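Below is one structure, written out as structure tokens, with a few remarks after it.
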Amino acid sequence: MSTGRRIPRRASAGRHGRLAVPAIAADVLRRPGRPLDAATRASMEQRFGQDLGDIRLHTDAAAVQSAEALSARAYTVGRHIVFGPEGYAPQAPAGRQRLAHELTHAIQQRGGGGADLSSAQREGEARRAAHSVATGAPMPAI
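Those letters in the sequence shown? Residues 375 to 516, per the numbering used here, in order.
What follows is the structure, encoded as structure tokens:
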């Protein structure tokens, strides 16, 4: 299940080699967001084998609006995960899967994996990680 979409990229990177994002997303990403709650963080850190303390969640009305504008249930830019109308719901199976999918993208973007992968391969990794969290299967390498 694909739970997010890639943010459309401009033809070229901006100043300093950074990728430009649409204005509506940039507005949300300028906000601090909030960390994962303690229980979810502990559970996901155990599954991923990575420190997730730097992850910032965006769940307010502006975040929802930006995800809707991008036709995404959720999207990830660096350490920021922005949730759409279905929201951040780690207590629900679908919400845990969505979170695991987006956490995979955050790990990929921070250099933890996926740098040499195609978009389709990165999405495949995210789907496999989400499936692993949902079923308790071993976590794939990221």
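Glycine is no exception: its CB is placed at the ideal position from the N, C-alpha and C atoms. All of these numbers come straight from a predicted model, not from anything done at the bench.
*Minimum length 4: unbroken alpha helix (DSSP H) runs contained in the segment 429 to 470*: Fully enclosed alpha helix (DSSP H) runs of 4 or longer: 435 to 443.
_My output table needs one value for R408: the three-state DSSP class, helix, strand or coil._
Of the three classes helix, strand and coil, the one that applies to R408 here is strand, per DSSP.
*Just the Cα atoms here: how many angstroms apart are A435 and A399?*
A435 and A399 have their C-alpha atoms roughly 12 Å apart.
*Report all residues from its chain with a CB closer than 6 Å to the CB of P382; omit the five preceding and five following residues, and keep chain order.*
The predicted model places P382 with a pLDDT of 44, which falls under 50 and marks its position as unreliable; any figure quoted below should be read in that light. Cβ neighbours of P382 beyond the five flanking positions: none.
*Given a cut-off of 8 Å, decide if A504 and A466 are closer than it, judged by their beta-carbon atoms.*
It is not a contact, given that the beta carbons lie outside the stated cut-off.
*V402 - DSSP class collapsed to helix/strand/coil*: V402 sits in a helix when the DSSP states are folded into three classes.
*Is Y462 near G469, with beta carbons less than 8 Å apart?*
The answer is yes: Cβ separation under 8 Å.
*Can you tell me the Cα-Cα spacing of D425 and M513, whole angstroms?*
Each residue's Cα considered, the two are about 15 Å apart.
*Using the Cα positions of E476 and M418, report the straight-line distance between them to the nearest angstrom.*
Distance between the alpha carbons of E476 and M418 is about 12 Å.
*asked:* Within 10 Å of its beta-carbon, does L491 have 16 or more other beta-carbons around it, so buried, or fewer, so exposed?
replied: The residue is exposed, with fewer than 16 neighbouring Cβ atoms inside 10 Å.
*Given that a residue counts as buried once 16 or more other Cβ atoms are within 10 Å of its Cβ, and exposed if not, what is P315?*
Outside the displayed range of the chain (375 to 516) lies residue 315, so it cannot be described from this structure.
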